[in-house]
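To start, the structure under review is shown below, and the notes come after it.
Protein chains in written order, with this note's numbering: chain A, 33 to 303; chain B, 33 to 303.
Spelled out as structure tokens, the structure:
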């Protein structure tokens, strides 16, 4: 069982990812795909006159401030345009894909965090009305039902709160939780960078291999969105996923190559 | 088994529909929900600078001309905003809903009609690049899998072509095909009108009961979108669905009331 997360940044080759997945699926590998849609959401939000707003928390994490209108735009792009785009591409290649968000069947459920702390001009402000949440529980029953029926699940944020509200959740953390829940052998986190870079953005500084204990020390290397990927990788390995690869989704055969170790390979490291 | 289709016009009370469905679901009735999103799609298309274009075919049917950009906007609103809105409202009420389009698992499949004939200023023009299709086959396997697992399917256009392309399909025809495929006892087609009106828009002229043979003669009564509802109703009854009700989704307890016969009741009429 492989869980593949593909980011939503520019430059990702959806056709190459899907062709590669179709080949693996045809060989009998069980696959779950999770995708993002960050860059496209920003463009649609701008076009609709509700531009994105990002906040930086006191611990240095950047996230999208998600008021109700932003959540609606987020759903349009993640669950509509982009999820159905992935499903269509896979169907076109003969893979019987089914696209779902975390609200559907309460696929990934957590707690809503209605307030968020934001550092602005050196001061910490509390912002209210945020629809952001955690991923605490994965509905493995529904995933098993689909996989058992011969369908490839294509999953996307948002998730759902315990109260049944849609909440923005981080796609990399979703991928880690899904990989842990289904007992995946491998989790691939593919995006528009080559992997974890010791000196971002210098791609010649790619870190090829890390153990969990090394990763903990080197979290500081991760810049921007890579921080959440590294956190997702740590969570997955701690939860028993054998191997996580931070790989490149801009290249040909991106899934097979990440499976073969191209990118940053993260393992538990008890040798 | 009940199949409920709710239109996408203004004035529909989503909360009332979902409360009513939650009650029926809690009593053990099996339900499949299908929804539209017409009015909201027009608004988003306007806001994104790609306003809707409608064409009237030589036989008097009006439909949305769906170029690829329109199809993307259509997916954003139908599969994103509106489908996840229905699922969220049902989840909030404790119903484990799962939202899917016709592309997902090839749930409803047909033929793409890439050209459409349009009557403009009395002349018939042929328009190319249309992503519109028919509904020829329903994937009952996936619906049974979900219903058997305790999930309420919430379905939305688009459908999928045999070649795996997303295609705009009419929601009422989808509802008829789904009701026939699952052997539903009743199909409810709820919208923002009271039913079939003999003198549209005079609601006091509501037609309370029709048999299939009467319906055939009175297709001329149906105006605008009601034409497709009447066609959907005819297809469903011809395919063995016991009863179709054209009912009102603007009122309290809209599902129970339509089940009780409020609206236009259409039956085979072999007495």
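Cβ coordinates follow ideal geometry from the N, Cα and C atoms, glycine included.
Quick one: using the 10 Å Cβ neighbour count with 16 as the cut-off for buried, is residue i buried or exposed?
i              : result
residue 136(A) : buried
residue 37(B)  : buried
residue 292(B) : exposed
residue 155(B) : exposed
residue 225(B) : buried
residue 91(B)  : exposed
residue 194(A) : exposed
residue 245(B) : exposed
residue 260(B) : buried
residue 241(A) : exposed
residue 52(B)  : buried
residue 251(B) : exposed
residue 133(B) : buried
residue 47(A)  : exposed
residue 61(A)  : exposed
residue 233(B) : exposed
residue 303(B) : A caution first: residue 303(B) carries a pLDDT of 48, below 50, which makes its placement in the model unreliable, though a value can still be read off. It counts as exposed.
residue 173(B) : exposed
residue 165(A) : buried
residue 296(B) : buried
residue 69(B)  : buried
Using a Cβ-Cβ cutoff of less than 8 angstroms, which residues in the same chain neighbour residue i once the five nearest sequence positions on both sides are dropped?
i              : result
residue 217(B) : 33, 34, 273, 274 and 275
residue 55(B)  : 288
residue 282(B) : 43, 44, 45 and 224
residue 19(B)  : With chain B running from 33 to 303 in the structure shown, residue 19(B) is simply not present.
residue 130(A) : 119, 178, 183, 184, 185 and 186
residue 71(A)  : 40, 41 and 42
Who are the neighbours of residue i on chain A, taking C-beta pairs under 7 angstroms?
i              : result
residue 108(B) : 108, 109, 112 and 113
residue 116(B) : 107, 111, 133, 135 and 198
residue 78(B)  : Within 7 angstroms Cβ-Cβ: nothing; residue 78(B) doesn't reach chain A, min ~11 angstroms.
residue 104(B) : 113
By the three-class DSSP mapping on this structure, what secondary structure does residue i have?
i              : result
residue 138(A) : helix
residue 200(B) : strand
residue 105(A) : helix
residue 277(B) : strand
residue 55(A)  : helix
residue 167(A) : coil
residue 161(A) : coil
residue 153(B) : coil
residue 226(B) : coil
residue 297(B) : strand
residue 269(A) : helix
residue 121(A) : helix
residue 146(B) : coil
residue 241(A) : strand
residue 262(A) : helix
residue 172(A) : helix
residue 282(B) : coil
residue 288(A) : helix
residue 89(A)  : coil
residue 177(B) : helix
residue 98(B)  : coil
residue 214(B) : helix
residue 80(A)  : coil
residue 60(B)  : coil
residue 254(B) : coil
With a CB to CB cut of under 6 angstroms and the five nearest residues on each side skipped, what residues in its chain are close to residue i?
i              : result
residue 347(A) : There is no way to answer for residue 347(A), as the model of chain A reaches only from 33 to 303.
residue 249(B) : none
residue 127(A) : 54, 57 and 184
residue 254(B) : 262
Along chain B, which residues have their Cβ under 8 angstroms away from the Cβ of residue i?
i              : result
residue 192(A) : 120 and 123
residue 183(A) : 137 and 174
residue 177(A) : 177, 178 and 181
Short of 7 angstroms in beta carbon distance, which residues of its chain neighbour residue i, apart from the five on each side in sequence? Order them along the chain.
i              : result
residue 171(A) : 137, 138 and 139
residue 63(A)  : 34, 36, 53, 56, 57 and 184
Should residue i be flagged as near chain C, meaning a C-beta pair shorter than 8 angstroms?
i              : result
residue 159(B) : In the displayed structure, chain C is absent; the protein chains listed are A and B.
Subject >> Interface positions of the stretch 126 to 160 of chain A facing chain B (Cβ-Cβ less than 8 angstroms), listed along the chain >> reply: Here the close residues are 126, 128, 129, 130, 131, 132, 133, 135, 136, 137 and 138.
**OP:** Check each residue of the stretch 63 to 76 of chain A: if its Cβ is closer than 7 angstroms to any Cβ of chain B, include it; give the result in chain order.
**Re:** Within the stretch 63 to 76 of chain A, no residue has a Cβ that lies closer than 7 angstroms to any Cβ of chain B.
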